[in-house]
Amino acid sequence: MEGVRSIPAKKPSLRLLAEKIDEIEKYAIHSATGKKVLAKIYQSNIYKYISKKINEFRDYKLVEEIKQHPVPKHVAVIMDGNRRFAKSLGLTPEVGHLFGRDKLEQMLEWCFELGIKILTVYAFSTENFNRSSKEVKTIMDLCKEELDKAIKDSRIHKNRVRVRVIGRLDSLPQDIRQSAQYIMDSTKNYDNYSLNIALAYGGREEILHAIQKIAKDVKKGRLKIEDISENIFSSYLYTNGLQDPDLILRTSGEERISNFLLWQLAYSELYFADIYWPALQKRDFLRAIRTYQKRQRRYGK
49 MEGVRSIPAK KPSLRLLAEK IDEIEKYAIH SATGKKVLAK IYQSNIYKYI SKKINEFRDY
109 KLVEEIKQHP VPKHVAVIMD GNRRFAKSLG LTPEVGHLFG RDKLEQMLEW CFELGIKILT
169 VYAFSTENFN RSSKEVKTIM DLCKEELDKA IKDSRIHKNR VRVRVIGRLD SLPQDIRQSA
229 QYIMDSTKNY DNYSLNIALA YGGREEILHA IQKIAKDVKK GRLKIEDISE NIFSSYLYTN
289 GLQDPDLILR TSGEERISNF LLWQLAYSEL YFADIYWPAL QKRDFLRAIR TYQKRQRRYG
349 K
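Counting from 1 along the sequence shown, just add 48 to a position and that's the residue number in my numbering.
Right under this line is the structure:
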């Protein structure tokens, strides 16, 4: 009509799009025709694009929600499921460990974004030496490659990340010990973030090793038995100087600690994610953090 301006339609928000897609899926999934239509939709490029944007939007909203509450200062992760992830895709265990390595780099970025200051990861246990020599060599090679790469990584220096390798380092190949020592020496004065990599690590062995060192110091007169306290004992652990973990996250659906940080996790919150480590997505990590925030930590009170 002449003299009347057309009003452009408002673009639907990502939130509304997400709600509409959820609604369509809810009803379509109950019929054979609906399932066929959904299958075609899922394969379309436009759906993949919209889905990606919706997921990014949901992650953004969850991050904003998380930032309204205190985040855990120290998160420790049992990175489990590399081999099963690879097997599910018909790949070798070695390829699974490659995917797992890449996921660790992503998680470090997520910690930067949320302001989580300390990240400790269970990379290789003392029991893992019992695996095939081929797999052990692959993991050792990956560890050395990552340690050497980390020293050149601008994110480590820009964010002032102190890197520590904890465990029975004397049981590792010499080249890995050298790489570990080099990055620890190079970042020892950084104090903004802390990345702790547990290699050749066992919780029971750590406690036993601490007891042996305490016994030697008592014998030499450096320490009195009556002076031994929880704080003194903690100072003899591999994690000396680190705050105990606020949150322990384990992937792969397994619900056990597997000899990880046995002394340190006394008051840690536990979160078990039913997804293999390489398949962990940002929203899975965000949900773990949000779940932690909703819990009430009483410390026995």
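Just so it is clear, CB atoms sit at the ideal spot from N, CA and C, and this is done for glycine as well. Treat the numbers as computed from the prediction; the structure is a model and nothing was measured.
| Check | Outcome |
| --- | --- |
| Close-in-space but distant-in-sequence residues of the same chain around Asp128 (CB under 7 Å, 5 per side omitted) | Arg298, Thr299, Ser300, Glu302 and Trp325 |
| Proximity below 7 Å, CB of Ser242 to CB of Ile166 | yes |
| Range of the contiguous alpha helix (DSSP H) that encloses Arg131 | Asn130 to Ser136 |
| Whole-Å CB distance - Pro118 paired with Ile337, under 8 Å assumed | Pro118 to Ile337, Cβ: 10 Å. No contact. |
| Alpha-carbon spacing of Leu271 relative to Asp265, whole angstroms | 6 Å |
| Straight-line Cα distance separating Tyr249 from Asp218 | 11 Å |
| Range of the contiguous beta strand (DSSP E) that encloses Glu317 | Glu317 to Phe320 |
| Beta-carbon spacing of Ala258, Ala171 below 7 Å | no |
| Counterpart residues of Ala122 in DSSP-defined beta bridges | Here the sequence assigns His to residue 122, which means Ala is not the residue at that position. For His122, which the question treats as bridged, DSSP gives the partners Ile166. |
| Distance between Arg132 and Tyr286 (C-alpha atoms, nearest Å) | 30 Å |
| Buried versus exposed call for Tyr315 [16 or more other C-beta atoms within 10 Å across all chains shown] | exposed |
| Between the CA atoms of Ile187 and Asn130 - distance to the nearest angstrom | 11 Å |
| Coarse secondary structure for Ile276, derived from DSSP in three states | coil |
| Closer than 6 Å: Arg331 CB and nearest the ligand ADP heavy atom | Ligands in the displayed structure: none, and consequently the ligand ADP is not present. |
| Endpoints, the alpha helix (DSSP H) within which Ala246 is located | Counting along the chain, Ala246 falls outside any alpha helix (DSSP H), though it belongs to the beta strand (DSSP E) covering Tyr241 to Tyr249. |
| Beta-carbon proximity of Val209 to Tyr238, cut-off 7 Å | yes |
| Any 3 or more C-beta pairs closer than 8 Å across the stretch 187-206 and the stretch 219-226 | yes |
| Rounded straight-line distance, which links the Cα of Arg203 to that of Val52 | Note on Val52: pLDDT 44, under 50, position unreliable in the model; no value is reported. |
| Supposed contact pair Asn176 and Ile214 - C-beta distance, whole angstroms, cut 8 Å | About 15 Å; that fails the 8 Å criterion. |
| Identity of the residues DSSP links to Phe172 by a beta bridge | Leu247 |
| Secondary structure of Arg270, DSSP reduced to three states | coil |
| Neighbourhood of Ala228 by C-beta distance below 7 Å, restricted to the same chain and skipping five residues each side | Leu195, Val213 and Leu217 |
| Among Arg346, Arg335, Gln344 and Arg345, nearest to Glu113 - alpha-carbon criterion | Arg335 |
| Sub-7 Å separation of Leu310 and Gly251 beta-carbons | yes |
| Residue-chain proximity (Arg149, chain E), Cβ-Cβ < 7 Å | Reference to chain E is not applicable here, since this structure consists of a single protein chain. |
| Cβ pair Val143, Ala134 closer than 7 Å | yes |
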